Amino acid sequence: MESNGRVPLWAAALIGLVSGAVAVGVSLLAAGLVKASAFPVVAVGNAAIDLTPAGLKDFAIRTFGENDKVVLLAGIFLVLAVIAAAVGVLAARDIRYGLAGLAAFGVVGVLAVLTRPDAGAVDVVPTLAGVAAAMFALHRLTGRALLPREAGAAAPREEGSPTGAHDAHPAGEAHETGDDTGERHGTPVPPVMRAGEDLRTLDRRRLLIGTAGGVVVAGVTGVVGRMLSGRAQVAAARVGMELPRPSVRATPLPAGVDLKIRGLSPFVTPNHDFYRVDTALIVPQVDPRNWTLRIHGMVDRPVELALADLMKLPLEEADITLCCVSNEVGGPYIGNARWLGASLAGVLRDAGVRAGADMLLSTSADGWTCGTPIDVVLDGRDALLALAMNGEALPVDHGFPVRQVVPGLYGYVSATKWVTEIKVTRFDQDEAYWTSRGWSARGPIKTQSRIDLPRDGSSVAPGRTVIAGVAWAQHKGVDAVEVRVDGGQWRQARLAEAPTADTWRQWVVDDWDATPGSHTIEVRATDATGYTQTPDHAPVTPDGATGWHSVSVEVA
Ligand SMILES: Nc1nc2c(c(=O)[nH]1)N[C@H]1C(S)=C(S)[C@@H](COP(=O)(O)O)O[C@H]1N2
Ligand SMILES: [Mo]
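Sequence positions in the sequence shown follow this note's numbering and run 8 to 563.
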């Protein structure tokens, strides 16, 4: 069967489908860039829902249940595909018919996006961009599928088919076929001699290359568009999220928690300054409406929690200093925040941890895994399934909508961001991401201290100079910090207050009399167990660095 006697029906339909795919991809990309909700396919779907009589809606919900939206979208895509194929067939007959078909399509899309409640003028951009791209694709692909006029006349592919009047090919394209040699003046050659078979093969090749190009464009724009709109949607959902009130407030901050010294790390690390460490090339965009946490494995009652379920649990607020095992002595991968979340121990108790289990294997939305010792989580500390950080929903980079936070453990064995699954298991049965790469299975945080002021390598004026920094020994507590200059006498730093043992503590020595010349300043902390930091330098692998932080300054 032929559409116009020259482009086979299947090719015309394929061209229509590919052009339709280009329309969807490009409009998705434009929606991602301009406004996620202005993606015309979804707008048409929403308009369809609004226009559907209540009885039919009830029927759809009863029949398809939670899948009703998926069924609707699938239906829309099916209708789109049929119309797109038809547009391709029209275009093969006369490109103007095809373009008119696309334009009609665009009108429907524009009407749908403009009748959405929050519509503005920009909402038409994705539809227009998609239709324009589809028109271009349709025109190009239909052109490619047709025989060049001369060759077509010389070697008609189909018996008796008239030469169409609309195939204006650039000469270059005709030459690409390389098959118009010899035959001139429109004289049909006898079937045995004609290059028709070659021409058809070559045309098919051109058509397939063209459609393959269209598919690639549709795929790339579609994937990038989805990514961008996913980002926009998750960002919007995050901003719109209302945080429940805590049942347990954080220990009030003592007045002297922050010495407020310029250049010294503030007690609370603002979210935008908080270090970020993860394996995610593309930060997972988890829609809170679809998020669930599955707790399974060695439990009596496996559970799956939605965000609403988690928010109904009593929520606790806690100040906890998070720190990375990859933090070198004096390094920046540490921060302190006020977290709000459900008790991880409480959730585990509800599930009923079976005897013999000693590890939680948590998994993030992007497949990263983390192994946490269960005894630590259950020992009464503020191990949280956190959904807020410093008074706002978790930033997407820091695990939105839910992450784990366990005081006293390095992040790689405790702080799973975008957490979606917790398997109760055993260390001798499962291995987490970093453990299988040579890092220690258990990662208690090592007692450490850091000099923030003066900066390493800086010059300071002679005279009374402030030396200040932070020290941490999460869940043990910092008892003392000492400083010495040029290997001299250790002197006690003054410690700022800390609300609990789970946060870092600022410290200061404000009476150092700096004399001209080069000086080295060292620091060491002693935790509440009586342990004083060893001077021995250990690398960050496999379980965290040790050694004293030191800075060199020039006094002049
Ligand atoms: N999903 C996921 N969670 C993760 C990681 C990761 O790579 N993927 N890295 C962990 C590590 S090594 C650390 S130190 C902390 C850092 O948390 P932050 O980026 O919020 O500071 O997250 C932990 N949680
Ligand atoms: Mo880390």
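By construction, the Cβ of each residue, glycine as well, lies at the ideal position given by its N, Cα and C atoms.
Predicted, not measured: the structure shown is a model, and the values here were computed from it.
- Item | Alpha-carbon to alpha-carbon, residue 27 and residue 220 | 13 Å
Residue 561 versus residue 462: straight-line alpha-carbon distance, rounded: 10 Å
Answer yes or no: does any C-beta atom of chain B fall closer than 8 Å to that of residue 16? The structure shown contains no chain B, having only a single protein chain.
What does the shell around ligand 2 hold, if a residue joins when its beta-carbon is under 7 Å from any heavy atom?
284, 331, 332, 333, 340, 417, 418 and 419
Contact between the stretch 402-413 and the stretch 267-286: three or more CB pairs below 8 Å? yes
How about residue 450 and residue 332: do their beta carbons lie closer than 8 Å? yes
*asked:* Since residue 392 and residue 354 should fall inside the 8 Å C-beta cutoff, what is the C-beta to C-beta distance between them, to a whole number of angstroms?
replied: 6 Å
Original post:
What whole-angstrom Cβ distance do residue 237 and residue 32 have, given they're in contact under 8 Å?
Top reply: Their Cβ separation, rounded to whole angstroms, is 15 Å, which puts residue 237 and residue 32 out of contact at 8 Å.
Q) Okay, do the stretch 374-391 and the stretch 311-319 touch, 3+ Cβ pairs below 8 Å being the bar? A) no
Heavy atom of ligand 1 less than 7 Å from the Cβ of residue 6, yes or no?
As shown, the chain starts at 8 and ends at 563. That puts residue 6 outside it, with no answer to give.
(Q) Three Cβ pairs or more, each shorter than 8 Å: is that satisfied between the stretch 252-272 and the stretch 62-69? (A) no
- Query: How would you call residue 158, buried or exposed, if buried means at least 16 neighbouring beta carbons within 10 angstroms?
  - Reply: Because residue 158 sits at a pLDDT of 44, beneath the cut-off of 50, its placement in the model cannot be relied upon, and the point is left open.
- Query: If you measure from the CB of residue 299, is any heavy atom of ligand 4 nearer than 7 Å?
  - Reply: As for ligand 4, it is missing from this structure, which binds only ligand 1 and ligand 2.
query: Would DSSP call residue 455 helix, strand or coil?
result: strand
Buried or exposed: residue 86, going by 16 or more other Cβ atoms within 10 Å of its Cβ? exposed
Does residue 350 pass the burial test, meaning 16 or more other C-beta atoms within 10 Å, or should it be called exposed? buried
*Using the rule of at least 16 other Cβ atoms within 10 Å of the residue's Cβ for burial, across every protein chain shown, is residue 323 buried or exposed?*
buried
- Please determine, among 556, 289 and 81, the residue with the shortest C-alpha to C-alpha distance to residue 457. 556
With a 10 Å radius around its C-beta and 16 neighbouring C-beta atoms as the bar for buried, classify residue 272 as buried or exposed.
buried
Notebook entry, point to check: In three-state terms, what does DSSP make of residue 513?
Noted result: strand
*How far does the beta strand (DSSP E) with residue 57 in it reach, from first residue to last?*
Note, residue 57: premise wrong, no beta strand (DSSP E); alpha helix (DSSP H) at 47-58.
Can you look up residue 563 in the DSSP assignment and give me helix, strand or coil? coil
- Item | DSSP three-state assignment for residue 163, whether helix, strand or coil | Residue confidence is low: residue 163 scores 40 on pLDDT, short of 50, so the model does not pin down where it sits. Its coordinate-derived value is still stated next. In this structure, residue 163 counts as coil in the three-state DSSP scheme.
Verify the contact flag: residue 371, CB atom, against every heavy atom of ligand 1, threshold strictly below 7 Å. yes
Skipping 5 residues on each side, what residues in its chain have a beta carbon closer than 6 Å to that of residue 194?
-> Reliability of the predicted coordinates at residue 194 is poor, the pLDDT of 47 falling under 50, and no value is obtained from them.
(Q) Would residue 476 and residue 459 qualify as a contact pair, given that the criterion is a beta-carbon distance under 8 Å? (A) yes
Margin query: When you measure from the CB of residue 281 to every non-hydrogen atom of ligand 1, does any distance come out below 7 Å?
Written below: yes
Checklist entry - How do the stretch 16-26 and the stretch 140-154 stand: do at least 3 beta-carbon pairs fall below 8 Å, yes or no? => result yes
* Asked: DSSP on residue 39, reduced to helix/strand/coil?
  -> helix
Going by CA-CA distance only, name the one from 138, 17, 106 and 88 that's closest to residue 47. 138
So, do the stretch 472-487 and the stretch 248-262 have three or more beta carbon pairs nearer to each other than 8 Å? no
| request: Using 7 Å as the cut-off, classify the Cβ of residue 511 as near or not near the heavy atoms of ligand 1, replying yes or no. | output: no
Mind reading off the beta-carbon distance from residue 571 to residue 375? Whole number of angstroms is fine, and I expect it under 8 Å.
-> Because the chain spans 8 through 563 in this model, residue 571 falls outside it and cannot be assessed.
Spatial neighbours of residue 108 within its chain, please: CB distance less than 6 Å, with the 5 preceding and 5 following residues excluded, ordered by chain position. 94 and 97
Assign residue 447 to one of three DSSP states: helix, strand, or coil. coil
query: By Cβ distance below 8 Å, which residues in the same chain neighbour residue 361 in space, the five residues on each side in sequence not counted?
result: 305, 306, 307 and 431
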